[in-house]
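Protein chains: 2
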Amino acid sequence: MALRPIPAVPAETSKRTPARKGLRFLQNAKKPETVQRILLTAERMFAERGLAGARIDEIAADAKVNKALLYYYFGSKRELHRHVLERLFALLLTSVEAGRQNKGSPKENLLGYVNGYFDFVSRHPNYPRLVQREVMECGKHLAWIVDNYLRPLHQRLARAVERGITAGEFRRVDAQHTVTTLIAMTTFYFAAAPLLSELWGRDALHPRAVEGRRRAILDFLEHGLFRARTRSR
Amino acid sequence: MALRPIPAVPAETSKRTPARKGLRFLQNAKKPETVQRILLTAERMFAERGLAGARIDEIAADAKVNKALLYYYFGSKRELHRHVLERLFALLLTSVEAGRQNKGSPKENLLGYVNGYFDFVSRHPNYPRLVQREVMECGKHLAWIVDNYLRPLHQRLARAVERGITAGEFRRVDAQHTVTTLIAMTTFYFAAAPLLSELWGRDALHPRAVEGRRRAILDFLEHGLFRARTRSR
DNA sequence: GCGGTTTAACTAAACGGTTAGTCTAGTCGG
DNA sequence: CCGACTAGACTAACCGTTTAGTTAAACCGC
């Protein structure tokens, strides 16, 4: 049943991230497909079992390379994990960047963010589990992620909500909690997809199920946040 | 700041779960407080770092017992982990059982569940992280948890939603997705509490913050689910 | 074009630190 | 005496990491 592992999805853009010193594969990269295969396999494993639970041997075997190659490219398990995360965060940022529209009403603006985030996560279903894992342990690693990636996103969303409130399009809600709820509705669904598949007896990541989820979120959002002419307050 | 570990909370009832054969501490239990201390420490560690990430030596040291005592009582790391989970599930079931009210309108009924779940989670903030960890990996362990604990709960909630719809009190929403959203709004908040604390610069588990979250959820629920006279559809 | 050199990609196998789990010998309170 | 518990040494396996190579292609002077 739907408890098969969730495959990692490669980057949609062929151009790679700018060079980082000390990392061979980003400088010359004669065979980028191997590095990709390692990254995608690692993404899947880390999402499923976490940094501590994933096994280097298994990642190497699944990626069909010798495990020494992981060290040749990434230096250590932690570094590999960091690269998996950073790759996804970079994709998320560009994805959200692409989906935003500064013109348009606050409602259209917010819906752009919500749909953008939902699109990204449905294209990268491992992302929520990887981030959830980071977010659940209170280490300094977390602070770094928050400062560099999550806080900017949350602040944008919060501002979008506040603009909607001052424009009178949204109800007078708590912006912080509303953003949390928005993120939760998408993130939880994909992070708990194995559970929901088991629970419903059908694959929660099937495209039809995913679109159903999107509709449910937009519906809830519509009647939970937006002030319509026919509704009070 | 708010990145301190989240303490585990002991059972509210003094009576223990019925005896299981093969487990010394449940049969005679001359010093139940030691067993409790082990369980609560393990709960905190497993929530923070997961089964694979938590260290037996560290749990023993934090619980101020000799490591051999963990094996004396629980036999293995996995068994200890299983007991931590089962203890919490048992508490959850009794807690939800206590909070339900079959009389009353569908709305009151559903609110009873939502508040009951919220109360339980806010009293046991480690629960969401422990369960989230289980739910994210697709093992057979998951199927067992779902069948025994999660499915019954979800079904009750789904029926509560459906009754509200047929009674005309709720909008005509998808019951499954609505339940998922209800669970998500509470679960995600507490599971991601370390993140939110970091993000907001204040402790997300502080009682005032927790009550703020409850209000936000109920508000969202009110305007997202319930059909009011003044609202359309 | 051709031998020789370099370099990136990759491997087999060992190495060694960590850690779950065990054992012994014993203490202490009732 | 017995059951709860400790101190701490110990083991065996697991698993991250390293080493010491091999292969193949690109490069280069002639």
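First to last, the protein sequences are chains D and A.
All residue numbers in the first sequence are consecutive under this note's numbering, ending with 233.
All residue numbers in the second sequence are consecutive under this note's numbering, ending with 1233.
We treat Cβ as the ideally placed atom computed from N, Cα and C, and that holds for glycine.
Taking 8 Å as the CB threshold, phenylalanine 188 of chain D lines the interface with chain A.
Leucine 39 of chain D does not reach chain A, its nearest Cβ partner there being about 20 Å away, counting only Cβ pairs nearer than 7 Å.
If you check the CB distance, alanine 1167 of chain A and glycine 53 of chain D do not come in under 8 Å.
Listed along chain A, the residues sitting closer than 8 Å to proline 194 of chain D by beta-carbon distance are Val1135, Met1136, Glu1137, Cys1138, Leu1142. Between the C-alpha atoms of arginine 100 of chain D and proline 1152 of chain A there is a straight-line separation of about 41 Å. With respect to the C-alpha of glutamate 222 of chain D, the residue from D:Leu182, D:Thr34, D:Leu196 having the closest C-alpha is D:Leu182. Around the beta carbon of glutamate 43 of chain D, 16 or more other beta carbons sit within 10 angstroms, so the residue counts as buried. Closest in alpha carbon position to phenylalanine 1046 of chain A, among D:Cys138, D:Val84, D:Ala216, is D:Cys138. Close partners of glutamate 1079 of chain A in chain D (Cβ separation under 8 Å) are lacking, with about 18 Å as the shortest Cβ gap.
Residues of the stretch 1159 to 1185 of chain A with a Cβ closer than 8 Å to any Cβ of chain D, in chain order: Arg1171, Val1173, Asp1174, Gln1176, His1177, Thr1178, Thr1180, Thr1181, Ile1183, Ala1184, Met1185. Runs of the alpha helix (DSSP H) spanning 4 or more residues and lying entirely within the stretch 1134 to 1168 of chain A occur at 1140 to 1145, 1151 to 1166, in chain order. When CB distances to chain D are screened at a threshold of 9 Å, the residues of the stretch 1207 to 1221 of chain A falling below it are Gly1212, Arg1213, Arg1215, Ala1216, Ile1217, Asp1219, Phe1220, Leu1221, in chain order. The DSSP assignment places 1193 to 1200, 1207 to 1225 as complete runs of the alpha helix (DSSP H) inside the stretch 1188 to 1228 of chain A, in order along the chain (cut-off: 4 residues).
Residues of chain A with a Cβ closer than 9 Å to the Cβ of glycine 201 of chain D do not exist; the shortest Cβ-Cβ separation is about 10 Å. Of all residues in the stretch 1042 to 1059 of chain A, the ones placed with a Cβ closer than 7 Å to any Cβ belonging to chain D are Glu1048, Arg1049, Gly1050, Ala1052, Gly1053, in chain order. Annotation for glycine 1050 of chain A: the continuous alpha helix (DSSP H) segment containing it runs 1032 to 1053.
Taking a C-beta distance under 8 Å as the contact criterion, histidine 177 of chain D and glycine 1212 of chain A qualify as a contact pair.
Taken atom to atom, the span from the alpha-carbon of lysine 1103 of chain A to that of isoleucine 1217 of chain A is near 23 Å. Contact of leucine 85 of chain D with chain A by beta-carbon distance below 8 Å is absent, the smallest such distance being about 14 Å.
In this structure, DSSP gives lysine 1064 of chain A a state outside helix and strand, which the three-state scheme calls coil. Residue-level contact check: leucine 1111 of chain A does not touch chain D, since none of the beta carbons of chain D fall below 8 Å from its beta carbon. Relative to leucine 1092 of chain A, the option among A:Arg1159, A:Leu1110, A:Pro1125, A:Arg1215 whose CA is nearest is A:Pro1125. In the three-state DSSP reduction, arginine 1100 of chain A falls in the coil class, being neither helix nor strand. Arginine 1156 of chain A and tyrosine 71 of chain D have their C-alpha atoms some 50 Å from each other.
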